[in-house]
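Student: Got a structure for you, written out below as structure tokens; questions coming shortly.
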Amino acid sequence: DLCLELSQDDPFYQEKKKLLRCKGFGVKETMNISGSLCQQLTNDALEKLLVFGRIANLDKVEVYFGEDACTSPAGSFCLSRFRVNWKL
5 DLCLELSQDD PFYQEKKKLL RCKGFGVKET MNISGSLCQQ LTNDALEKLL
55 VFGRIANLDK VEVYFGEDAC TSPAGSFCLS RFRVNWKL
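Per the numbering used here, the very first residue in the sequence shown carries number 5; after that it's consecutive.
Below you can see the structure in the form of structure tokens.
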């Protein structure tokens, strides 16, 4: 199991807590990413981990604009700082 928790010392704790709640998370989450899970459950767990991590690491500007994430579909929350471009 993997435990994720939003630090209460975070200067944007309340705003991030609100965003986490919008996405169906609490400020403390436990996720099972065991190798025995089927591929879809593993993918779902990793997607949740990614969304939680993105919200937990938002900066001041991203928190300000993050309220838009409450109206976006569950899996679509992504800010430009977190986008990865693959080049071959």
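For glycine and all other residues, C-beta sits at the position ideal for the given N, C-alpha and C.
Being a predicted model, the structure only gives us computed values, none of them experimental.
What distance in whole Å lies between the Cβ atoms of I59 and L8, which are believed to be in contact at a cut-off of 8 Å?
Tutor: Not confirmed; about 10 Å, so no contact.
Student: From N36 to G57, what does the alpha carbon distance come to, in whole angstroms?
Tutor: 16 Å
Student: Indicate the three-state DSSP secondary structure (helix, strand or coil) for W90 in the structure shown.
Tutor: Confidence at W90 is low in this model, with a pLDDT of 47, below 50, so its placement is unreliable and no value can be given for it.
Student: Can you say whether E66 is buried or exposed, counting buried as having 16 or more other CB atoms within 10 angstroms of its CB?
Tutor: Under this definition E66 is a buried residue.
Student: Going by DSSP, what residues sit across from T34 in a beta bridge?
Tutor: Answer by DSSP bridge pairing, in chain order: C7.
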